[in-house]
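Worksheet for the structure shown next.
There are 2 protein chains.
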Amino acid sequence: MDCQIGPFESRDWDELWPMLHEVFSRGETYAYPRDMSEPEAKAAWCGVDRYCFVARCDSQICGSYIIKKNQPGQGSHVCNGSYVVGKNARGRGLGRLLCLHSLDTARDLGFKAMQFNLVVSNNSPAIHLWESCGFSTVGRLPKAFKHPRLGFIDAFVMYQWLISD
Amino acid sequence: MDCQIGPFESRDWDELWPMLHEVFSRGETYAYPRDMSEPEAKAAWCGVDRYCFVARCDSQICGSYIIKKNQPGQGSHVCNGSYVVGKNARGRGLGRLLCLHSLDTARDLGFKAMQFNLVVSNNSPAIHLWESCGFSTVGRLPKAFKHPRLGFIDAFVMYQWLISD
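Chains as they are written, first to last, in numbering that gives the first Met the number 0: chain E, 0 to 164; chain W, 0 to 164.
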């Protein structure tokens with residue numbers, strides 16, 4: 000797969016939105032509202048105070064990630080990362096490519112750690128992927144995610160310190 | 000201590016702000032920026048999508064708490080709570096009063112759980128208080144809080160399911 004990852008540009012949105020919509024409307028991996036409108040999704044994914052990147056595979060958008068501060072002030076050295084891989088690009092290592100790219104981006108931006116706040120506990124492929132990219136599971140939130148088919152299920156907090164002290 | 004807890008009203012702000020400012024500017028317990036301006040603090044504490052309450056002791060504002068959704072969509076049944084006790088009211092059980100009131104408020108609003116995202120690990124009085132109000136420590140975030148005197152220290156994630164299933 001020949002993939003290039005670079006910063007999101009406004010003209011990317013029309014191609015990016017259907018990919019995000021497919022993931023958000025399934026509602027099985029993200030806490031975004033399943034019926035999120037296009038403007039709401041654009042604000043959440045590409046709005047102020049976040050850094051958005053897109054992956055193009057064979058010149059089509061096939062994935063995206065964002066990085067933002069996870070907390071303000073005394074918590075602002077920790078960023079939060081979110082990732083989406085397009086339906087047609089799954090199972091081909093793009094998630095890992097996006098994650099590793101995001102870790103470099105986070106370090107370039109001066110962040111010292113990355114945190115995932117709500118990793119759905121039945122999403123084993125993602126959990127193994129994040130672990131293989133250096134993340135540890137540092138917490139378990141009982142029934143913190145309302146899965147559309149399974150009801151309330153646990154979610155994990157995952158974390159990685161990004162720099163050598 | 001004769002304390003009444005009720006919903007925040009706009010006219011409370013001028014009395015509330017100095018109390019919040021004292022806590023936020025110390026920067027030892029909250030991730031809010033230490034130099035947070037008054038309008039920023041007002042938006043953060045009393046803005047849209049959050050429920051703000053104040054405690055009056057002998058008719059002076061002596062404490063406050065807010066409740067908001069901790070995540071959107073499939074995570075929106077979990078709320079987040081934040082508490083401030085005024086300098087002159089500390090050590091008199093007001094923190095517990097606010098926390099127990101907030102748990103009732105959260106249930107009334109239909110929330111099913113409450114989560115604290117960043118409890119500074121050296122804040123033992125708060126940790127014991129939250130535990131005594133039913134919270135469990137469900138995660139530890141390494142060096143996730145930049146303490147003004149101590150540098151990077153760990154923070155805890157605390158959590159409580161609020162209803163019987």
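No residue lacks a Cβ here, since even glycine has one placed at the ideal position from N, Cα and C.
Spanning the alpha carbons of residue 136/W and residue 128/E requires a straight line of approximately 26 Å. In the DSSP assignment, residue 94/E falls within the alpha helix (DSSP H) that extends over 93-107.
Residue 120/W and residue 142/W have their C-alpha atoms spaced approximately 9 Å apart. In this structure residue 63/E is buried. Its beta-carbon is surrounded by 16 or more other beta-carbon atoms within 10 angstroms. Excluding sequence positions up to five before and after residue 26/W, its CB lies within less than 7 Å of the CB of 33 and 147, all in the same chain and listed in chain order. Boundaries of the alpha helix (DSSP H) around residue 127/E: 123-131. According to the DSSP assignment, residue 143/E belongs to the beta strand (DSSP E) that extends over 135-146. With respect to residue 110/E, residue 157/E sits apart: the two C-beta atoms are not nearer than 7 Å. Those residues of the region 86-118 of chain E placed with their C-beta closer than 8 Å to a C-beta in chain W are 111, 112, 114, 116 and 117, ordered along the chain. The alpha carbon of residue 104/E has as its nearest neighbour, out of 81/E, 118/E and 85/E, the alpha carbon of 81/E.
For residue 73/E, the three-state secondary structure derived from DSSP is helix. With three or more CB-CB distances shorter than 8 Å, the region 7-14 of chain E counts as touching the region 41-56 of chain E. Under the criterion of beta carbons closer than 8 Å, residue 4/E and residue 97/E qualify as touching, at roughly 7 Å.
Checking the DSSP bridge columns, you'll see residue 18/W has no partner listed. For residue 134/E, no Cβ of chain W is located within less than 7 Å of the residue's own Cβ. Only those residues of the region 58-87 of chain E whose C-beta falls short of 9 Å from the nearest C-beta of chain W are listed: 69, 70, 71, 72, 73, 74, 75, 76 and 77. Per DSSP, the unbroken beta strand (DSSP E) holding residue 6/W starts and ends at 2-6. Secondary structure at residue 81/E: strand, using DSSP grouped into helix, strand and coil.
For a Cβ distance threshold of 8 Å, residue set 140, 141 and 143 of chain E lies close to residue 158/W, ordered along the chain. With respect to residue 46/W, residue 61/W sits apart: the two C-beta atoms are not nearer than 7 Å. Nearest neighbour of residue 74/E by Cα position, chosen from 7/W, 140/W and 160/W, turns out to be 140/W.
Between residue 42/E and chain W, the shortest Cβ-Cβ separation is not below 7 Å. The beta carbon of residue 47/W sits no closer than 7 Å to any beta carbon of chain E.
Classified as exposed, residue 42/E has fewer than 16 neighbouring CB atoms from the shown chains inside 10 Å of its CB. With contacts defined by Cβ atoms closer than 7 Å, residue 101/W and residue 126/W do not form a contacting pair. Under DSSP, residue 150/E takes part in a beta bridge, and its partners are 146/E.
In this structure, the straight-line span from the alpha carbon of residue 134/E to that of residue 160/E is close to 8 Å.
A distance below 7 Å between beta-carbons, with the five flanking residues on each side excluded, links residue 29/E to the following residues of its chain, in chain order: 22 and 23. Residue contact check for residue 26/E against chain W: a CB pair falls below 7 Å. Counting along the chain, the unbroken beta strand (DSSP E) around residue 112/W starts and ends at 112-119.
Rounded to the nearest angstrom, the gap between the Cα atoms of residue 7/E and residue 59/W is 51 Å. The beta carbons of residue 15/W and residue 40/W sit no closer together than 7 Å.
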